Amino acid sequence: MFPFTYTKVSSTREAITAAQRGGRYVAGGTTLVDLMRETVERPDTVVDISALPLREITTTSRGELRIGALVRMADAAADPTVRARYPVIADALELSASAQLRNMATIGGNVMQRTRCTYFRDMSAACNKRQPGTGCAAREGFNRSHAILGVSEACVATHPSDVAVAFAALDASIDLIGPDGVRRIPFAEFLLLPGSTPNREHSLRPAELITAVTIPAHPRPLRSGYLKVRDRQSYEFALTSAAVAMHVQAGVIRIAKVAAGGVGTVPWKLPAVERHLVGQRPSDRLWATAAAKAVDGTQPLAHNEFKVELLKRTVERQLRIVGGTR
Ligand SMILES: Cc1cc2nc3c(=O)[nH]c(=O)nc-3n(C[C@H](O)[C@H](O)[C@H](O)COP(=O)(O)OP(=O)(O)OC[C@H]3O[C@@H](n4cnc5c(N)ncnc54)[C@H](O)[C@@H]3O)c2cc1C
12 MFPFTYTKVS STREAITAAQ RGGRYVAGGT TLVDLMRETV ERPDTVVDIS
62 ALPLREITTT SRGELRIGAL VRMADAAADP TVRARYPVIA DALELSASAQ
112 LRNMATIGGN VMQRTRCTYF RDMSAACNKR QPGTGCAARE GFNRSHAILG
162 VSEACVATHP SDVAVAFAAL DASIDLIGPD GVRRIPFAEF LLLPGSTPNR
212 EHSLRPAELI TAVTIPAHPR PLRSGYLKVR DRQSYEFALT SAAVAMHVQA
262 GVIRIAKVAA GGVGTVPWKL PAVERHLVGQ RPSDRLWATA AAKAVDGTQP
312 LAHNEFKVEL LKRTVERQLR IVGGTR
């Protein structure tokens, strides 16, 4: 470990001021401290935001669900409103990490977590995300766990979060506060595709702090769930995953929300799948033809071709489970 300054703040204003001076936010510390230990990240100052009053889950007057940035993953997963209205969020959280980690880690930290690409975490490997211009060791290296969607010449690392896939499916927004005040951005604009600048991972402005993730009020009943396929049944990141939510009225799918994880450089929304479902009646044939659209545009690497078929099957299976024809 290297020397750094630690400061604990008690208001968002104090937090922003400390971040403007170059401080780096830390919430549960389960990502940042690991990366500091490996010297992948070397902040001079760490700003502990864990005492800020951002731990509430509330329903707004417009029926939106607002999850505070400092709500712990375990608390969000256990929350009665989350479980009743958005099982897809509770499922995604419960299938993440381990019980110990979920008791420390926060929602804001989760969506900001960095890739698990081994080359990113290996200081001796070429990585454009860690050190722009050095190359991408994963492209020619062992890339079984890497992305097949949203990849670029510069980077093929996946975004590892599970709950971010549920947020992408549900068209969530990210609430922010920063030196210029508050703003809200759609989840789809929050995490950035790598392109030629994979070191730029999100659209937060300097010193901006996530205050909450907001889920819009979808028509009810909204059936939903999350399926995660991985090498072992616990404590493992997704090879593929699917978040699905559906509103079915009079036997017709009126709303379909679908996103995939483990396959994209960002949580991967699947609008072509959604469009294929809306206006149709649930059937096994419909799930299969919709899921086939999930793999449009995939660009597999030497060791992850298997993810193309696995993604299709994951989406199909989860559509069947949520759509109720299993
Ligand atoms: C062994 C292991 C297995 C894991 N498995 C999974 C898994 O299966 N699925 C999964 O989804 N995740 C998994 N994780 C990741 C885990 O969920 C994240 O480490 C955790 O959610 C990060 O939250 P935190 O509060 O600890 O973030 P921190 O480590 O405190 O912060 C992470 C990043 O977010 C920034 N940040 C934190 N809060 C804010 C905020 N409010 N505003 C702006 N920036 C902020 C920090 O500056 C930092 O860059 C795993 C982690 C480990 C160590």
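With my numbering, letter number 324 in the sequence shown gets 335, and the count goes up by one each step, no holes. Ideal Cβ positions, reconstructed from N, Cα and C, are used throughout, including at glycine. Bear in mind the structure is a predicted one, so any value in this text is a computation, not a measurement.
L312 is positioned such that its CB atom lies closer than 7 Å to that of N154.
Of the heavy atoms belonging to ligand 1, none sits nearer than 6 Å to the Cβ of M47. A check of alpha carbon separations from G290 across H258, F317, K304, D307 identifies H258 as the nearest. T145 has its alpha-carbon roughly 43 Å from the corresponding atom of A89. Under the three-state reduction of DSSP output, D186 falls in the strand class. DSSP links S72 through a beta bridge to no other residue. Of the candidates V44, S61, I60, the residue whose Cα lies closest to the Cα of R53 is V44.
With a threshold of 16 other beta carbon atoms within 10 Å, A261 falls short and is exposed. Using a cutoff of 6 Å, the CB of F248 counts as near ligand 1, since one of the ligand's heavy atoms is closer than that. Contact check for A177 against V99 passes: the beta carbons are separated by less than 7 Å.
Pairing A110 with G192, the inter-Cα distance amounts to about 35 Å. In this structure, S172 has its CB closer than 6 Å to one or more heavy atoms of ligand 1. At least one heavy atom of ligand 1 lies less than 6 Å from the C-beta of G119. For the 7 Å CB-CB criterion, A29 and A179 do not form a contact.
CA-to-CA, the gap between S252 and P278 works out to about 10 Å.
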